[in-house]
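Peer 1:
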Amino acid sequence: MSSSPSRKRPASPPVEPPAAVTPTSLVLTAPSVPSLGFGRIPVAGLSPVVEAGSYPAKASVGELIPIRAKVFREGHDAVNASVVLTTPDGTEQRHPMIAVEPRGLDPWEAWVRLDQPGHWRFRVEGWSDPWATWLHNAEAKLPAEIDVELVCLEGRHLLNDAATRALETGDQLDASVLRSTADLLLPNRAPADLLDAVAAKAITRAMASYGPRELVSPTADYPIQVDRRTALFSSWYEFFPRSQQASYHPKTKKWTSGTFDSSHQRLEDVAAMGFDVVYLPPIHPIGTAFRKGRNNSLTPTAADPGSPWAIGSAEGGHDAIHPDLGDWDSFDRFVAKARSLGMEIALDFALQASPDHPWVTTHPEWFTTRLDGTIAYAENPPKKYQDIYPINFDNDPVGIYHEVLRILKLWMSHGVRIFRIDNPHTKPVQFWAWILRELRESDPDVLFLAEAFTRPEMMHTLGKVGFHQSYTYFTWRNDKRELQEYLTELSQDTDAFYRPNFFVNTPDINPFFLQSGNPAAFAIRAILAATGSPSWGVYSGFELFEHKAFREGGEEYLDSEKYEYRPRDYHAEPNLNLLLGKLNRIRRDHPALQQLRRISFISTANDQVLAFAKNDGDDTVIVICSLDPEHTVESELYLDLPALGISSDTVDLRDELTGANFTWGGLNFVRLTPTNPAHILHVLGR
1 MSSSPSRKRP
11 ASPPVEPPAA
21 VTPTSLVLTA
31 PSVPSLGFGR
41 IPVAGLSPVV
51 EAGSYPAKAS
61 VGELIPIRAK
71 VFREGHDAVN
81 ASVVLTTPDG
91 TEQRHPMIAV
101 EPRGLDPWEA
111 WVRLDQPGHW
121 RFRVEGWSDP
131 WATWLHNAEA
141 KLPAEIDVEL
151 VCLEGRHLLN
161 DAATRALETG
171 DQLDASVLRS
181 TADLLLPNRA
191 PADLLDAVAA
201 KAITRAMASY
211 GPRELVSPTA
221 DYPIQVDRRT
231 ALFSSWYEFF
241 PRSQQASYHP
251 KTKKWTSGTF
261 DSSHQRLEDV
271 AAMGFDVVYL
281 PPIHPIGTAF
291 RKGRNNSLTP
301 TAADPGSPWA
311 IGSAEGGHDA
321 IHPDLGDWDS
331 FDRFVAKARS
341 LGMEIALDFA
351 LQASPDHPWV
361 TTHPEWFTTR
371 LDGTIAYAEN
381 PPKKYQDIYP
391 INFDNDPVGI
401 YHEVLRILKL
411 WMSHGVRIFR
421 IDNPHTKPVQ
431 FWAWILRELR
441 ESDPDVLFLA
451 EAFTRPEMMH
461 TLGKVGFHQS
471 YTYFTWRNDK
481 RELQEYLTEL
491 SQDTDAFYRP
501 NFFVNTPDIN
511 PFFLQSGNPA
521 AFAIRAILAA
531 TGSPSWGVYS
541 GFELFEHKAF
551 REGGEEYLDS
561 EKYEYRPRDY
571 HAEPNLNLLL
581 GKLNRIRRDH
591 PALQQLRRIS
601 FISTANDQVL
611 AFAKNDGDDT
621 VIVICSLDPE
631 HTVESELYLD
641 LPALGISSDT
651 VDLRDELTGA
661 NFTWGGLNFV
671 RLTPTNPAHI
681 LHVLGR
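With the numbering used here, letter number 497 in the sequence shown gets 497, and the count goes up by one each step, no holes.
1) Enumerate in chain order the residues of its own chain whose CB-to-CB distance from residue 533 is below 8 Å, with the five nearest sequence positions on each side excluded.
2) Using the Cα positions of residue 581 and residue 340, report the straight-line distance between them to the nearest angstrom.
3) Which full runs of the beta strand (DSSP E) of 3+ residues lie inside the segment 276-343, going along the chain?
4) State the CB to CB distance for the pair residue 39 and residue 126, rounded to an integer number of angstroms; the pair is presumed to be in contact (CB under 8 Å).
5) Quick one: give me the first and last residue of the alpha helix (DSSP H) that residue 537 is part of.
6) So which of 446, 287, 521 has the shortest CA-CA distance to residue 419?
7) For residue 29, count neighbouring C-beta atoms within 10 Å of its own C-beta (all shown protein chains included) and say buried if the count is 16 or more, exposed if not.
8) In the segment 188-274, which residue ranges form an unbroken beta strand (DSSP E) of at least 3 residues, counting only runs that do not cross its ends?
9) Among 191, 168, 614, which has the Cα closest to the Cα of residue 144?
10) In the DSSP assignment, the beta strand (DSSP E) including residue 180 goes from what residue to what residue?
11) On the DSSP bridge list, what partners appear for residue 500?
12) Quick one: what does DSSP say residue 164 is sitting in, helix, strand or coil?
13) Suppose the cutoff is 6 Å on Cβ atoms and the five residues either side in sequence are ignored; what does the same chain contact list for residue 23 look like?
14) So the candidates are 429, 525, 351, 380; which of them puts its Cα closest to the Cα of residue 403?
15) Look up residue 348 in the DSSP assignment and say whether it is helix, strand or coil.
16) Considering only their Cβ atoms, is the gap separating residue 342 from residue 276 smaller than 8 Å?
17) Per DSSP, what kind of secondary structure is residue 683 in: helix, strand or coil?
18) In whole angstroms, what separates the C-alpha of residue 308 from that of residue 314?
19) Look up residue 413 in the DSSP assignment and say whether it is helix, strand or coil.
20) Three Cβ pairs or more, each shorter than 8 Å: is that satisfied between the segment 589-603 and the segment 546-566?
21) Roughly how many angstroms separate the alpha carbons of residue 476 and residue 133, rounded to a whole number?
22) In the DSSP assignment, find the alpha helix (DSSP H) that holds residue 442 and state where it starts and stops.
23) For a test of the three-state rule: what should DSSP assign to residue 141, helix, strand or coil?
24) So, for residue 310: in the same chain, excluding its five sequence neighbours on each side, which residues have a beta-carbon less than 6 Å away from its beta-carbon?
25) Can you check which of these residues, 524, 44, 162, is closest to residue 630 by C-alpha distance?
26) Can you list, in chain order, the residues of its chain with a C-beta nearer than 6 Å to that of residue 672? Leave out the 5 residues immediately preceding and following it.
27) When DSSP builds the beta bridges, which residues end up paired with residue 626?
28) Is residue 683 near residue 637, with beta carbons less than 8 Å apart?
29) On a Cα-Cα basis, can you pick out the residue from 83, 106, 131, 88 that is closest to residue 112?
Right under this line is the structure:
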C-alpha cells in the first residue's frame, strides 16, 4: 500500500517535563556519597571514577572491567582488599582483589563482569589481613626456629576461628579441613612440614572465604552505568537512501531519488557483510535557500538535491521525512526490514536548520540575530555554510530542550534506538547531560554516538556526560608509534568514560592514507579498525576504493555524496566486500575482539609491522598487520608466551583470514604483502 508523501505525520509521543522548568534544573547533580577521607586502612586512587563520581563510569553487559585502587597501611602487617558491587536491584556482590606489580606502589585490582543493564554501584574495602600477616611471619620465623610455639599457637587460633565461621554458614567440608590443619600445627614438627600444611590449596581457598577481616575500611560508593552490549560492540555501515537506485533522466535533466523502499536490497547486502548497525544521514526535508550544488558550489542546478544537513523546508523540519524518500509507512517498513535481517537503524540527528526550517518562523529566538538584522549562519572560517543556521541554546533553553526531547521520542516511537549526533561539541554540554539523563531514565536501551572531531577535553567530556560511543582520531593515526600510543590511551586511560568507534572514512573525511586508491591501503585500515576497536564503521564507497580528493592536500571527496546522488554498483570488481564480511565474522566469533580494555603490544623488529594481542577469558587473538600498502614487509616477531598464558615453549595458531595453521615459539618470522597484509591469529591452546 502506498501513501501520499503529504500524508499527515503521526503525533509525537508526549514528553513529561521536569518538575521545575528553569534552566538551573537542567544541571546534572552529583550523587550523594559519604564524607570523603581515608579510613583506618587507607584506600586511594580508586578507579573507575568519573569526575569524583558526578557521572557513572561505563560498562556493557558481560564486559570484563577493572576495578583498581591503592591499598596500604602503617607498619608491616598485611592488608587485603575487596570490591563490593551493588546490582540495580540492590543486591551486593563481593569480589576479591589481588595485589599487582609494582608491589612497592601498592596497586590492587579485580576484573569483574556486570551481567545486567542498569545503574550499578561499587566500593572498595581495604582491610587488615591477620592470616596473611601470620603466613609471612611463619615463613620467616619457623625455619629460623624463632617463637615456634607462639607461631603455632597463633596459627591454630586463626584456623579454628575460620572453621567456626565456615560452620556458621553451613560449610562443614571447609570447617573440617580448617580444623584438621589446625591440629597439625604442633611445635615439635619440622618447619617445612608446618609450612606445607598451611600452603595447601584447600587452605588457601578456605581462608579466602572464612579468614579474618579486621579494620574493614570502605570507600564511598561510586556509580557504573551498564548498557546493552551494542553500546560497546557494533559494526556500522553508512549509506544514503536517496542514492539507492536513483536514476538520471537526460531529457528532463532531473533525477529520480532513491527511496526507503528501493533501499531494501542494500540492507540485504549490508547484512550479508555482517554489519549490525545501518546509519543514515539526515532524512528530513532539505531547504532551498542558499542550497549547495555539486562539490559544495554556491550555484546549484535544478537537479541538485542539496545537503541533507540543511534541514527544513515547507514540507517540515526534524519531525518530518523528505517526501522524495517516502512517508512514515515506508520508513517503518525500512526499519522492520533491517530488524528482520538482525540490524538496527541509526539515525543522524543534526541540531541545525536551513533558512527554510519552520523554526525560523515559529521560533526566531532559537537563532542568533546579528546587528544588521540577519540570522547568523554556520561558519568555520574560512568555510561558510550559508544553507545552515546554528541553534542558540541560551535564548530559550527550556523550549529548545523539550522540543529536542519530543523529536527524539518521535523517532524512537518508530523504532530508532540509536542516534548519531552531528557536531555535538558545538552545543552546550549541559544540554546533552540533560537529554541523556532523561532518556537513560525512560529508555535506557537508546544509544548515542558523538560525531565530535574536536579537542580531546570536549570529546572526553561528552563521553563523561553519557554519550555511549564516540568518533575518534583513528583516521589520523597511521604509523606504529601513533597507533600504539592511541590504542593504549583508549584501552587504559579513557576507558571508564570514552568508548571509541573506529570509522575508516566518512562523507566528510577522505583520509590521506586512502587517497592513492591502492586496495591494500583500504584492506589495512579495515583490518586495523575492525580489530583495534570493538566498534567500527564504514561509509559506503569504501568497499569500492573510492578515493579521489576534491583538492590536493584536502580530505574532502570529489563529487561528494553530500551534495549529489551517487548510485553505485556495489558488486563491481574489484571490491572489498569479501574482506569486510570476513572481518565481521571473525569479530563475532571472538570475544577478545569485542572488548576494549585488554590489549598488549607485541615487539616487532620492523616499524612497518604492528602487532598486538587481545584477550577475553579463554579467547586470545593476535593481530599482525603491515602498515605499508606499497611493499612487502618482513620482520622478526617476539612472543612473550608466559604473558599470553602459554606454559609451553610453543603455541598453536590458526589464521582466521586464511585458515592456515602455525606453530610458533618465542622468536618468529612474518612476511606480509600488499595482497595479504595481515594475520589474525587465534591461539588454539594455552
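Each residue gets a CB set at the ideal place from its N, CA and C atoms; glycine is no exception. Please read these numbers as outputs of a predicted model, since none were measured by experiment.
Peer 2: Inspection of the coordinates gives the following:
1) Locating residue 533 in the sequence shown gives position 533, counting from the first residue. Cβ within range, chain order: 472, 474, 490, 500, 501, 502, 596.
2) Position 581 of the sequence shown holds residue 581. Position 340 of the sequence shown holds residue 340. C-alpha separation (whole angstroms): 19 Å.
3) 277-280
4) Stepping through the sequence shown from its first residue, residue 39 is reached at position 39. Stepping through the sequence shown from its first residue, residue 126 is reached at position 126. About 7 Å; that satisfies the 8 Å criterion.
5) Position 537 of the sequence shown, counted from the start, is the residue given in the question as residue 537. Run containing residue 537: none in the alpha helix (DSSP H); it sits in the beta strand (DSSP E), 535-539.
6) In the sequence shown, residue 419 corresponds to position 419, counting from 1. Selected option, being the one with the closest Cα: 446.
7) Within the sequence shown, residue 29 is the residue found at index 29, counting from 1. Here the model assigns residue 29 a pLDDT of 37, short of 50, so the residue's position is not dependable, and the following value carries that caveat. Exposed: under 16 other Cβ atoms inside 10 Å.
8) 214-218, 222-227, 234-238, 247-249, 254-256
9) Stepping through the sequence shown from its first residue, residue 144 is reached at position 144. Of 191, 168, 614, the residue nearest in Cα terms is 191.
10) In the sequence shown, the residue the question calls residue 180 occupies position 180. Careful: residue 180 lies outside any beta strand (DSSP E), inside the alpha helix (DSSP H) at 172-184.
11) Within the sequence shown, residue 500 is the residue found at index 500, counting from 1. According to DSSP, which records beta bridges pairwise, residue 500 is partnered with 470.
12) On the sequence shown, position 164 is the one that residue 164 refers to. In this structure, residue 164 counts as helix in the three-state DSSP scheme.
13) Against the sequence shown, residue 23 aligns to sequence position 23. Confidence at residue 23 is low in this model, with a pLDDT of 37, below 50, so the placement of that residue should be treated as unreliable; the coordinate-derived value is given next. Excluding residues within five positions, the ones whose Cβ falls inside 6 Å are 397.
14) As a working mapping, residue 403 is identified with position 403 in the sequence shown. Of the listed residues, the one whose Cα sits closest to residue 403 is 351.
15) For the purposes of this step, residue 348 is taken as residue 348 along the sequence shown, with counting starting at 1. Residue 348: strand per DSSP, three-state reduction.
16) Position 276 of the sequence shown, counted from the start, is the residue given in the question as residue 276. Position 342 of the sequence shown, counted from the start, is the residue given in the question as residue 342. Yes; because the gap between Cβ atoms is below 8 Å, this pair is in contact.
17) As a working note, residue 683 is residue 683 in the sequence shown. Strand at residue 683.
18) Locating residue 308 in the sequence shown gives position 308, where the first residue counts as 1. Locating residue 314 in the sequence shown gives position 314, where the first residue counts as 1. If you take the alpha carbons of residue 308 and residue 314, they lie about 15 Å apart.
19) Locating residue 413 in the sequence shown gives position 413, where the first residue counts as 1. Here residue 413 sits in coil by DSSP.
20) no
21) Along the sequence shown, read from residue 1 onward, the residue named residue 476 stands at position 476. Along the sequence shown, read from residue 1 onward, the residue named residue 133 stands at position 133. Using only the alpha carbons, I get a separation of about 52 Å.
22) For the purposes of this step, residue 442 is identified with residue 442 of the sequence shown, where counting begins at 1. First-last of the alpha helix (DSSP H) with residue 442: 429-442.
23) Along the sequence shown, one-based indexing puts residue 141 at 141. Residue 141: helix per DSSP, three-state reduction.
24) In the sequence shown, the residue the question calls residue 310 occupies position 310. Excluding positions up to five away in sequence, the list reads 286, 287, 354, 387, 388.
25) By one-based count along the sequence shown, residue 630 stands at place 630. For residue 630, the nearest C-alpha among the options comes from 524.
26) Numbered from 1 along the sequence shown, position 672 holds the residue referred to as residue 672. Excluding residues within five positions, the ones whose Cβ falls inside 6 Å are 626, 633.
27) Translated into positions along the sequence shown, residue 626 becomes position 626. Answer is 609.
28) Numbered from its first residue, the sequence shown carries residue 683 at position 683. Numbered from its first residue, the sequence shown carries residue 637 at position 637. Taking 8 Å as the Cβ cut-off, residue 683 and residue 637 do not qualify as a contacting pair.
29) Walking along the sequence shown from the start, residue 112 turns up at place 112. Considering only alpha carbons, the answer is 83.
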